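Heads up: the protein sequence lines correspond to chains A and B, in order. Counting from 1, one number per residue, gives the positions in the first sequence under my numbering. Counting from 1001, one number per residue, gives the positions in the second sequence under my numbering. Structure, as structure tokens:
2 protein chains.
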Amino acid sequence: MAEKPKLLQDTTEDVRRQARVLLRSARSLPLATLDAATGFPAVSRALTGMDVDGSIVILISGLSQHFASLMADPRCSVMAGEPGKGDPLAHPRLTVQCKAERVSRDDARHSRIRSRFLRRHPKAQLYVDFPDFAFFRLVPDSASFNGGFGKAYVLEGRDLLIDSSAIDALAGMEDDAIAHMANDHPEAATVYAAKFGKTSEGNWRICGLDASGLDLSSGDSLLRVEYDAPLTESVHLRFVLKKMYN
Amino acid sequence: MAEKPKLLQDTTEDVRRQARVLLRSARSLPLATLDAATGFPAVSRALTGMDVDGSIVILISGLSQHFASLMADPRCSVMAGEPGKGDPLAHPRLTVQCKAERVSRDDARHSRIRSRFLRRHPKAQLYVDFPDFAFFRLVPDSASFNGGFGKAYVLEGRDLLIDSSAIDALAGMEDDAIAHMANDHPEAATVYAAKFGKTSEGNWRICGLDASGLDLSSGDSLLRVEYDAPLTESVHLRFVLKKMYN
């Protein structure tokens, strides 16, 4: 039996981009962990966000099976890509194998992760500060993208991470930049959604902004817009936002 | 940290029934395996059907990661329950830990599993007989059902299997019974869908029939209708189908 599928295709930059958009557009994902009690894999659902470096973020209860399992073994996997209409296997999907890192409340990254997660999932405000809930960063280790029958690609973990010298500077100005866009350019998010997401419906707002792109949300919908390339300097942000608007 | 969630509820017959319907209504499911190459769990998507005893059936390619992984370690997990509208965690979902058994072409069960799968997934006809494709039965070992916040239940594997002395007799008459219903009572499937699935749209047909219930399909939709209790004798089938019609 072949360990490497014969149908494996060469991984192009376009495939990497499709994979990133699929992953970063998700509101929740199936999460597989190694069940600490039985040794079986176990697949459950977790709300997902992303950290400023592209790592996946989950907020889970200490009472859940996946919490106990991730504490015992950090190896896990998520799948992005919902089946939608028609043949479920004709829709693109991405399997990402990750290593989980718990982000405790005294971690310097906690405040930023919490803010980003709550802008993406406002209802999580209800329980985010419950003592048994905790954030984990799931850092991509490797991935495979299946674009439909006969279209399988292997990706590296770094293909799903953001490589930029401006990550920290942008993280530091994210709250202010989003507030500025909401106050002074309230129509911009809807323009971006129409232009890049080909959707004319919805009351869109920017809910995330990082070195690689924007997260837009409207009700239950989430839309990821990636820039042509990651920003290398934070001062480039306003030029990119303006260029994307026109 | 608690290994047994404090929020665990007593598992009622109604919960078991909800879990069975959720699982048996699925066209495809996230499938977690233990990646033979890396030891990580890996979650991918597989088309799913069910065998006459309630075991989950998948048809997968020998070129896929999950095939190699299941051959190396039969422990796996599926999750039923799509997130739908609104909060993804407010929707019921079921995690099932299973042991996988490959069903080879010379297995006495292969013909029946193939027929049932193709009635559920007619497009799989295109590749079902490719030499690298194979069926696996995923036999439920244990499960957990999450009906929304604070509603967690533990199930046993047998809660998702069918216990009846009429399984084999019904399997032997399934093809004929479905043909009879399609020819002589073509409107019955739509009546069942309206009555038990509360759906008035669609051109419904019976695509599966076993000791525990019926599978109805219309285009991309699949609907599971469970009898009040499993049939104990195959001769009861026509009475149940008639009773459900009226």
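By construction, the Cβ of each residue, glycine as well, lies at the ideal position given by its N, Cα and C atoms. Since this is a predicted model, take the numbers as computed values, not measurements.
Item: The segment 1068-1077 of chain B contacting the segment 1031-1038 of chain B, beta-carbon criterion three pairs below 8 Å; Value: yes
Item: Cβ distance (whole Å) where A/Ser217 is taken to contact A/Cys207 below 8 Å; Value: 4 Å
Item: Bridge partner(s) assigned by DSSP for A/Met79; Value: A/Thr95
Item: CA nearest to the CA of B/Ala1108, picked from B/Thr1038, B/Ala1171, B/Thr1011, B/Leu1023; Value: B/Ala1171
Item: Distance between A/Leu126 and A/Asp132 (C-alpha atoms, nearest Å); Value: 13 Å
Item: A/Ala100 vs A/Phe136 beta-carbon contact at 7 Å; Value: yes
Item: Partner residues on chain B for A/Phe135, Cβ-Cβ distance less than 8 Å; Value: Chain B residues near A/Phe135: none, gap ~15 Å exceeds 8 Å.
Item: Cβ-Cβ distance between A/Leu214 and A/Gly197 below 7 Å; Value: no
Item: Same chain, Cβ closer than 8 Å to A/Arg27, five either side skipped, listed in chain order; Value: Leu47, Thr48, Arg120, His121, Asp220, Leu222
Item: 4-residue-minimum alpha helix (DSSP H) runs that sit fully inside the segment 154-186 of chain A, ordered along the chain; Value: 167-184
Item: Alpha-carbon to alpha-carbon, A/Ile60 and A/Phe67; Value: 7 Å
Item: Given 8 Å, three or more beta-carbon pairs between the segment 1171-1183 of chain B and the segment 1034-1043 of chain B; Value: no
Item: Rounded separation between A/Ser104 and A/Ser64 - CA only; Value: 17 Å
Item: Close Cβ partners of A/Gln97 (< 6 Å) along its chain, the five nearest in sequence each way excluded; Value: Ser77, Asp141, Ser142
Item: Run of the beta strand (DSSP E) containing B/Val1021, from where it starts to where it stops; Value: Element bounds for B/Val1021: not the beta strand (DSSP E) but the alpha helix (DSSP H), 1013-1024.
Item: Chain-ordered residues of the segment 1171-1195 of chain B with a beta carbon less than 9 Å from chain A; Value: none
Item: Start-to-end residues for the beta strand (DSSP E) that takes in A/Cys43; Value: Residue identity differs from the one stated: residue 43 of chain A is Val in this sequence, not Cys. Run containing A/Val43: 41-50, per the beta strand (DSSP E) assignment.
Item: 7 Å Cβ cut-off: residues of chain A touching B/Thr1033; Value: Pro41
Item: Presumed contact (8 Å Cβ cut-off) between B/Asp1210 and B/Ile1162, rounded CB distance; Value: 7 Å
Item: Distance, A/Met244 Cα to B/Leu1022 Cα; Value: 43 Å
Item: Chain A contacts from the segment 1064-1081 of chain B (Cβ-Cβ distance under 8 Å); Value: Ser1064, Gln1065, Phe1067, Ala1068, Met1071, Arg1075, Cys1076, Ser1077, Val1078, Met1079, Gly1081
Item: C-alpha distance - A/Ala42 paired with A/Lys242, whole-angstrom precision; Value: 45 Å
Item: Residues within the segment 1102-1128 of chain B neighbouring chain A, beta-carbon criterion of under 7 Å; Value: Lys1123
Item: Where B/Glu1174 falls, given that 16 or more other Cβ within 10 Å makes a residue buried; Value: buried
Item: As assigned by DSSP and simplified to three states, the class of B/Ala1134; Value: strand
Item: Bridge partners - B/Asn1146, DSSP secondary structure assignment; Value: B/Arg1093, B/Ala1152
Item: Check whether A/Thr11 and B/Ser1044 have beta carbons under 7 Å apart; Value: no
Item: A/Arg24 beta carbon less than 7 Å from that of A/Met50; Value: yes
Item: Start and end residues, alpha helix (DSSP H) containing A/Ser111; Value: 110-120
Item: Chain B contacts from the segment 85-100 of chain A (Cβ-Cβ distance under 7 Å); Value: Lys85, Gly86, Asp87, Pro88, Leu89, Arg93, Thr95, Gln97
Item: Buried/exposed call for B/Ala1072, threshold 16 Cβ in 10 Å; Value: exposed
Item: Members of the segment 1204-1238 of chain B that neighbour chain A once the beta carbon cut-off is set at 7 Å; Value: Asp1220
Item: Closer than 7 Å to chain B by CB, A/Pro30; Value: yes
Item: Separation of A/Arg93 from B/Asp1176, as counted between CA atoms; Value: 38 Å
Item: Listed by chain order, chain B residues near A/Thr12 by CB distance under 9 Å; Value: Neighbours of A/Thr12 on chain B: none; closest Cβ ~20 Å, over 9 Å.
Item: Burial state of A/Arg277, where buried means 16 or more other Cβ atoms lie within 10 Å; Value: Any answer about residue 277 of chain A is impossible in this case: the structure gives chain A only from 1 up to 246.
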